[in-house]
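**Student:**
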Amino acid sequence: MTIFPAAIVLFFLVFVIGGLAVMVWALVDVVRMPNDASFKTGTQLVWVLVILLAQVIGAIVYLAVGRPPGGATAAQARAALPPPAPPPPPSTAG
-4 MTIFPAAIVL
6 FFLVFVIGGL
16 AVMVWALVDV
26 VRMPNDASFK
36 TGTQLVWVLV
46 ILLAQVIGAI
56 VYLAVGRPPG
66 GATAAQARAA
76 LPPPAPPPPP
86 STAG
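Residue numbers are given in the working numbering: position 65 of the sequence shown equals residue 60, and the series is strictly consecutive.
(1) Please report the distance separating the alpha-carbon of G61 from that of G13.
(2) Determine the contact status of I46 and M18, defining contact as a CB-CB distance below 9 Å.
(3) Tell me the rounded alpha-carbon separation between L100 and G65.
(4) Under a three-way DSSP split, which group does P0 fall into?
(5) Can you list the alpha helix (DSSP H) stretches of 4 or more residues lying completely in the region 13 to 57, in chain order?
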């Protein structure tokens, strides 16, 4: 019967390490997010507080709801693109 307590400890450790990994992943993703119109610095601070105070639940909520499509890597690539060229002026020829 010594296997049963060992299995419980192993199960517990897997969940603790997994939860910690999800929290670290979410925090790194929030911090790496560039400042743009859809994810401003104030929003980053709010998400960091949500993740730190709500721990694993906060990290899951961020990853499900607050994370822009593609995460920090895609947002950085979008931020690096130059803005689109303005449209040409309307012509007066008719």
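Glycine is no exception: its CB is placed at the ideal position from the N, C-alpha and C atoms.
**Tutor:** This is what the structure gives:
(1) In this structure, the straight-line span from the alpha carbon of G61 to that of G13 is close to 20 Å.
(2) Taking 9 Å as the Cβ cut-off, I46 and M18 qualify as a contacting pair.
(3) Within the shown structure, residues of the chain are numbered from -4 to 89, placing residue 100 beyond reach of any answer.
(4) Looking at P0 - three-state DSSP - the assignment turns out to be helix.
(5) The region 13 to 57 contains, as complete alpha helix (DSSP H) runs of 4+ residues, the segments 36 to 56 (chain order).
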